[in-house]
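Everything on this sheet refers to the single structure shown next.
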Amino acid sequence: MVIGAGGLLGTAFRRVAGELPDVDVLLPGRRELDVADRLSVEKYLVGNSPDGVVNAAALLPADLCETHPRTAYEIHALGARWVSRTCDRIGAVSAYVSTDFVFDGTSGDGYAPDSPTRPVLTYGVTKRAGESETCLGTPRHLVLRTAGLFGPPPTGSRARPCFVDRILRKADEGEPIGVVDSVVMSPTYTIDLARMTFAMLLGDAAPGIYHAVNLGAASWYEVAAAAVRLSGRQVPVARQQEQTHVSAGRPTRTPLTGVLPGRAAEHQRPWQEALAEYLREYWPAPEGRTPHPAAPSAQRPRART
Ligand SMILES: NC(=O)c1ccc[n+]([C@@H]2O[C@H](COP(=O)([O-])OP(=O)(O)OC[C@H]3O[C@@H](n4cnc5c(N)ncnc54)[C@H](OP(=O)(O)O)[C@@H]3O)[C@@H](O)[C@H]2O)c1
1 MVIGAGGLLG
11 TAFRRVAGEL
21 PDVDVLLPGR
31 RELDVADRLS
41 VEKYLVGNSP
51 DGVVNAAALL
61 PADLCETHPR
71 TAYEIHALGA
81 RWVSRTCDRI
91 GAVSAYVSTD
101 FVFDGTSGDG
111 YAPDSPTRPV
121 LTYGVTKRAG
131 ESETCLGTPR
141 HLVLRTAGLF
151 GPPPTGSRAR
161 PCFVDRILRK
171 ADEGEPIGVV
181 DSVVMSPTYT
191 IDLARMTFAM
201 LLGDAAPGIY
211 HAVNLGAASW
221 YEVAAAAVRL
231 SGRQVPVARQ
241 QEQTHVSAGR
251 PTRTPLTGVL
261 PGRAAEHQRP
271 WQEALAEYLR
281 EYWPAPEGRT
291 PHPAAPSAQR
301 PRART
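Just so you know, we're using the UniProt record's numbering here: the sequence shown kicks off at 1 and counts up by one.
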């Protein structure tokens, strides 16, 4: 079962679920299951008795957590508590999707799953609380930290397109593109992350904290420039040094390291390769232009692990 199925990552879970003909995947919307409401969580989980629950509900973008800290706490921390405790009751694995924002971003070398956490924004503080709630709620837990998601857009009215889509829309509409080069993270393809997660759940991964990201690190500027180039668009991307964002003080260097266990590791390919696959499928080159030579083709999805 996937909570947060209407979001960016949830959209990938929906698609990858179709690759698993022998697995029933429940994708409740917020009206069927409000993660911040204990009774709603208990009713849905006990009523459906899933073997595993992926909690991908979130209050995003992160700035919303600064202006609505109580709601952020209810969704990220209390939501994780209700899900994890109920999973314990019904014997399900509780998998919590977390974030690189649990780190302060001052490390030059990146962060391993056992690196000390020190969130600096409300988003990271409440997500770290959610990690703890998940681990304390049941011994059968997985915390999957991820970062910089890009992938197929959700369809709902409140859905936000990912960063890559926003850049390519600007390129196609002739708007100038300027992107900060000072924030470095681990860009990750939602489809790969959904496959990693299913592989871990179906492969009985040991309980613990994992970094579920594509390989490598990049700044948002590098991701934007790669997206424009790999999709065959020929527009300039300006490199911005300063971040004039409302949440100044956000983490700036958060590459995540660590290899996933078992078959989940097969989906940890370099982010450029994953990006090239996404662009081939969703952002064909404009007419008359040849896209950049394709990256090596991705491995085919596995129906079962
Ligand atoms: N996006 C990133 O770059 C990024 C990076 C690192 C980690 N993450 C983590 O990845 C996960 C998925 O993020 P995302 O980018 O897919 O976020 P998203 O697009 O904003 O989707 C979040 C989903 O959570 C749902 N939700 C919010 N409050 C809820 C509640 N009370 N009960 C049930 N569902 C609720 C939303 O429902 P509605 O559709 O009804 O609003 C939405 O479907 C989150 O755990 C996030 O912290 C994301």
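All C-beta atoms in this analysis are idealised placements derived from N, C-alpha and C, irrespective of residue type, glycine included.
Under the three-state reduction of DSSP output, phenylalanine 150 falls in the strand class.
Taking 8 Å as the cut-off, the C-beta of lysine 127 counts as close to a heavy atom of ligand 1.
Counting only runs of 3 or more residues that sit fully inside the region 40 to 87, the beta strand (DSSP E) segments are 52 to 55, in chain order. Tyrosine 282 and leucine 275 have their C-alpha atoms some 10 Å from each other.
Taken through DSSP and simplified to helix, strand or coil, leucine 144 comes out as strand. By the 16-neighbour rule on beta-carbons within 10 angstroms, serine 94 is buried. Not one heavy atom of ligand 1 sits closer than 8 Å to the Cβ of threonine 257.
Less than 9 Å separates the beta-carbon of valine 213 from that of glycine 148. Between arginine 239 and aspartate 192, the CB-CB gap reaches or exceeds 9 Å. Remark: the shortest separation between the CB of proline 154 and any heavy atom of ligand 1 falls under 8 Å. The shortest C-alpha to C-alpha distance from alanine 217 to any of Gln272, Thr134, Ile3 is the one to Gln272. Per DSSP, tyrosine 123 is not a residue of any beta strand (DSSP E); the alpha helix (DSSP H) it occupies stretches across 122 to 137. The count of Cβ pairs closer than 8 Å, one atom from the region 73 to 83 and one from the region 225 to 232, stays below three, leaving the stretches out of contact.
In terms of Cα proximity to glycine 110, the closest of Thr257, Val102, Ala58, Tyr210 is Thr257. Contact check for threonine 197 against threonine 11 fails: the beta carbons are separated by 9 Å or more.
Beta-bridge annotation (DSSP): histidine 211 is paired with Arg145. For alanine 95, the enclosing beta strand (DSSP E) starts and ends at 93 to 99. Residue pairing by DSSP places methionine 185 opposite Ala218 in a beta bridge. Under the criterion of beta carbons closer than 8 Å, asparagine 48 and leucine 26 qualify as touching, at roughly 6 Å. In the three-state scheme derived from DSSP, where H, G and I count as helix and E and B as strand, glutamine 234 is classed as coil.
In the structure shown, the three-state DSSP call for valine 179 is strand.
Beyond the five residues adjoining it in sequence on each side, threonine 86 comes within less than 6 Å, by CB distance, of Val41, Glu42, Leu45 in the same chain, given in chain order. Using a C-beta cut-off of 8 Å, the region 110 to 125 makes contact with the region 58 to 77, since at least three inter-stretch Cβ pairs fall below that distance. If you ignore the 5 residues before and after leucine 201, its C-beta comes within less than 7 Å of the C-beta of Gly52, Val93, Ala95, all in its own chain and listed in chain order. With a cutoff of 8 Å, aspartate 63 does not count as near ligand 1, since its C-beta is closer than that to no heavy atom of the ligand. Secondary structure of arginine 118 (DSSP, three-state): coil. For glutamine 272, the uninterrupted alpha helix (DSSP H) segment begins and ends at 271 to 282. Relative to the Cα of valine 259, the nearest Cα in the group Arg250, Gly156, Arg253, Leu144 belongs to Leu144.
Burial state of proline 153 is exposed, judged by a 10 Å Cβ sphere holding fewer than 16 other Cβ atoms.
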